[in-house]
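Residue numbers (UniProt numbering): 1 to 414. C-beta: ideal position from N, C-alpha, C; glycine also. Shown next, in structure tokens, is the structure this report addresses.
Okay, structure coming up:
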């Protein structure tokens, strides 16, 4: 009997330890702000930018090189060759819209490859900030970060929906065409008009390349707002924590003052991590945002020319496809600028939070630390495309105004 009781007690201890481990794992799963980038990370693994864990290096290199030579390199070259050989204005505008968008997307894809080491650094900083929030366990902070993660993931799904619509329109256009045509105007060194086998092979290649490029574009266009959204969420969590400093006030309790001072130290450490996170995000988004601004302005003007001069009223599928491109590039810039503007506003609210804490009842050392922190927090956080153009809603408004000005000039010229 004692042996049975000892055995049962041991099993109970093991079950208790297992439950504790499960609870700890559940607690960690409660908050992982890097989950906002889970879709993007998976796409980068599939397209060869990041080696998946557990995959052999040789296999990874073989897959990455093959995929990117066939799609990232050759696909835009076929579009560019066709653009050079185009002799009519309608095809020129249509091809130019597609080619510019594809080249800009590949440029952003290469930029992700060049800054991939910074992605690991961002992941480390997010884990540090997550641990702090989990240690505090304040429901408002947890809610703010969960909402940020959810918003970032929704932005990816929005872009995915746009690219799915564009791909389906291309397929429908080929299916209902009276004559043979490709998914996208491209040049191939074979006579696909008279060869069934060549036509099927080219269509299969274009469909494969289109799907891969759409997946790449979806990740490349949605990771800037995702990072900005997560950064804004951590700023919001820190703002809530700073506003609570010193409340409720106990000026006659020295131990309470020491605790509040330690809490301020923790807030300052998190503020430093947020500054580092912002600087790293600035490095990876600077070129990507600049490329997006240039692509948007060019594509909008090209689509306007297509509508004004050479749009065939009977080719509704071409008009719809151009409209999807116009909507996509406009929405890409709007979402980036929207989240950039939110981040800037949140940094101002974080500065206000340092003023709003109960510093009057605290020690002189607390006030000195607060003054130094206030001096830095007054510098507004902002992302600059190319190091010069602020990623804000004001910039989006300027882009739209510039496009409208060009559109007006084209309309008068007509």
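Q. Do residue 34 and residue 223 have their CB atoms nearer than 9 Å?
A. Position 34 of the chain shown, counting from 1, holds the residue named residue 34. Position 223 of the chain shown, counting from 1, holds the residue named residue 223. It is not a contact, given that the beta carbons lie outside the stated cut-off.
Q) Which residue from 393, 49, 326 and 358 puts its Cα closest to that of residue 97? A) Translated into positions along the chain shown, residue 97 becomes position 97. Residue 97 has its Cα closest to that of 326, out of 393, 49, 326 and 358.
Q: Have a look at residue 118 and residue 255 and give me their C-alpha separation to the nearest angstrom.
A: Counting from 1 along the chain shown, the entry for residue 118 is found at position 118. Counting from 1 along the chain shown, the entry for residue 255 is found at position 255. Their backbone Cα atoms lie some 41 Å apart in a straight line.
Q: Could you tell me the distance, in whole angstroms, from the CA atom of residue 163 to the CA atom of residue 109?
A: The count along the chain shown starts at 1 and reaches residue 163 at position 163. The count along the chain shown starts at 1 and reaches residue 109 at position 109. Taking the straight line from one Cα to the other gives about 16 Å.
Q.
Taking 6 Å as the limit between beta carbons, can you name the residues of its chain near residue 218, skipping five residues before and five after?
A. Counted from its first residue, the chain shown places residue 218 at position 218. 159, 160 and 163.
Q: Report the three-state DSSP secondary structure of residue 384 (helix, strand or coil).
A: Along the chain shown, read from residue 1 onward, the residue named residue 384 stands at position 384. Strand.
Q: State buried or exposed for residue 372, treating a residue as buried only when at least 16 other CB atoms are found within 10 Å of its CB.
A: Translated into positions along the chain shown, residue 372 becomes position 372. Residue 372 comes out exposed.
Q: Indicate the three-state DSSP secondary structure (helix, strand or coil) for residue 390 in the structure shown.
A: The count along the chain shown starts at 1 and reaches residue 390 at position 390. Here residue 390 sits in strand by DSSP.
Q. When the Cβ atoms of the segment 52 to 64 are set against those of the segment 140 to 154, are three or more pairs found closer than 8 Å?
A. no
Q: Below 8 Å CB to CB, which residues in the same chain sit around residue 377 once its five sequence neighbours on both sides are set aside?
A: Position 377 of the chain shown, counted from the start, is the residue given in the question as residue 377. Same-chain partners within the cutoff: 271, 347, 350, 351 and 354.
**Q.** Alpha carbon of residue 415 to alpha carbon of residue 173, nearest angstrom
**A.** Residue 415 lies beyond the residue range present for the chain, which begins at 1 and ends at 414; the question has no answer from this structure.
Q | 8 Å contact criterion, which residue 263 and residue 240 should meet: CB distance rounded | A | Translated into positions along the chain shown, residue 263 becomes position 263. Translated into positions along the chain shown, residue 240 becomes position 240. Their Cβ separation, rounded to whole angstroms, is 13 Å, which puts residue 263 and residue 240 out of contact at 8 Å.
Q) Alpha carbon to alpha carbon, what distance is there between residue 60 and residue 380? A) As a first step, residue 380 is located in the chain shown; it is residue number 380 there, counting from the start. As a first step, residue 60 is located in the chain shown; it is residue number 60 there, counting from the start. If you take the alpha carbons of residue 380 and residue 60, they lie about 42 Å apart.
Q.
Please report the straight-line C-alpha distance between residue 387 and residue 269, rounded to a whole angstrom.
A. Within the chain shown, residue 387 is the residue found at index 387, counting from 1. Within the chain shown, residue 269 is the residue found at index 269, counting from 1. So the two alpha carbons sit approximately 26 Å from each other.
Q. So, residue 36 versus residue 229, is the Cβ gap smaller than 9 Å?
A. Counting from one through the chain shown, the residue named residue 36 turns up at place 36. Counting from one through the chain shown, the residue named residue 229 turns up at place 229. It is a contact, given that the beta carbons lie within the stated cut-off.
Q. DSSP three-state call for residue 50: helix, strand or coil?
A. Taking the chain shown and counting its residues from 1, the one referred to as residue 50 is at position 50. Residue 50: coil per DSSP, three-state reduction.
Q: At 4 residues or longer, and completely inside the segment 183 to 209: list those alpha helix (DSSP H) runs for me, N to C.
A: none
Q) Where does residue 303 land, buried or exposed, given buried means 16+ other C-beta within 10 angstroms? A) Here residue 303 refers to the residue found at position 303 of the chain shown. Burial call: buried.
Q: Could you tell me which of 232, 267, 291 and 278 sits nearest to residue 366, measuring between CA atoms?
A: Within the chain shown, residue 366 is the residue found at index 366, counting from 1. Among 232, 267, 291 and 278, the Cα nearest to that of residue 366 belongs to 267.
Q. For the segment 294 to 303 against the segment 175 to 189, are there 3 or more C-beta pairs whose distance is under 8 Å?
A. no
Q: Indicate whether residue 403 and residue 282 have their beta-carbon atoms separated by less than 9 Å.
A: Here residue 403 corresponds to residue number 403 of the chain shown, with the count starting at 1. Here residue 282 corresponds to residue number 282 of the chain shown, with the count starting at 1. Result no, Cβ atoms of residue 403 and residue 282 do not sit closer than 9 Å.
Q: Name the residue from 391, 369 and 324 whose alpha carbon lies nearest to the alpha carbon of residue 170.
A: As a first step, residue 170 must be located in the chain shown, where it is residue number 170. With distances taken between Cα atoms, residue 170 lies closest to 324.
Q) How far does the alpha helix (DSSP H) with residue 60 in it reach, from first residue to last? A) Within the chain shown, the letter at position 60 stands for residue 60. Looking at the DSSP string, the run of the alpha helix (DSSP H) that includes residue 60 is 57 to 67.
(Q) Taking 9 Å as the threshold (C-beta atoms), are residue 289 and residue 383 in contact? (A) Along the chain shown, read from residue 1 onward, the residue named residue 383 stands at position 383. Along the chain shown, read from residue 1 onward, the residue named residue 289 stands at position 289. The answer is yes: Cβ separation under 9 Å.
Q.
For residue 421, count the other beta carbons within 10 Å of its own beta carbon; 16 or more makes it buried, fewer makes it exposed. Which is it?
A. There is no way to answer for residue 421, as the model of the chain reaches only from 1 to 414.
(Q) So, with DSSP's three-state summary, where would you put residue 231? (A) In the chain shown, counting from the first residue as 1, residue 231 sits at position 231. Residue 231 falls in the helix class under three-state DSSP.
Q.
Within 10 Å of its beta-carbon, does residue 265 have 16 or more other beta-carbons around it, so buried, or fewer, so exposed?
A. Against the chain shown, residue 265 aligns to sequence position 265. It counts as exposed.
Q: Please report the Cβ distance between residue 335 and residue 155, rounded to the nearest whole angstrom; I am assuming they are in contact, meaning their Cβ atoms lie under 8 Å.
A: Walking along the chain shown from the start, residue 335 turns up at place 335. Walking along the chain shown from the start, residue 155 turns up at place 155. With a Cβ gap of about 6 Å, residue 335 and residue 155 count as contacting.
Q. Where residue 113 and residue 193 are concerned, what is the direct C-alpha to C-alpha distance, given to the nearest angstrom?
A. Numbered from 1 along the chain shown, position 113 holds the residue referred to as residue 113. Numbered from 1 along the chain shown, position 193 holds the residue referred to as residue 193. Near 38 Å, if we compare the C-alpha coordinates of residue 193 and residue 113.
Q) In the structure shown, what three-state DSSP assignment does residue 299 receive? A) Here the question's residue 299 lines up with position 299 in the chain shown. Residue state, collapsed to three classes: helix.
Q. Helix or strand or just coil, what does DSSP make of residue 256?
A. Locating residue 256 in the chain shown gives position 256, counting from the first residue. If DSSP states are grouped into helix, strand and coil, residue 256 belongs with the helices.
Q. Are the Cβ atoms of residue 123 and residue 232 separated by less than 9 Å?
A. Here residue 123 corresponds to residue number 123 of the chain shown, with the count starting at 1. Here residue 232 corresponds to residue number 232 of the chain shown, with the count starting at 1. Result no, Cβ atoms of residue 123 and residue 232 do not sit closer than 9 Å.
Q) Can you round the beta-carbon distance between residue 260 and residue 337 to whole angstroms, since I take them to be within the 8 Å contact cut? A) Your numbering for residue 260 matches position 260 in the chain shown. Your numbering for residue 337 matches position 337 in the chain shown. At roughly 38 Å, the Cβ-Cβ gap does not stay under 8 Å, so residue 260 and residue 337 are not in contact.
(Q) Would residue 292 and residue 198 be called neighbours here (beta carbons separated by less than 9 Å)? (A) Numbered from 1 along the chain shown, position 292 holds the residue referred to as residue 292. Numbered from 1 along the chain shown, position 198 holds the residue referred to as residue 198. Going by C-beta atoms, residue 292 is not nearer than 9 Å to residue 198.
Q. DSSP state of residue 26, grouped into three classes?
A. Start at 1 with the first residue of the chain shown, and residue 26 comes out as number 26. Bear in mind that the predicted position of residue 26 carries a pLDDT of just 48, short of 50, making it unreliable; the figure below should be weighed with that in mind. Residue state, collapsed to three classes: helix.
**Q.** Simplified DSSP assignment, three categories, for residue 179
**A.** By one-based count along the chain shown, residue 179 stands at place 179. Coil, per DSSP.
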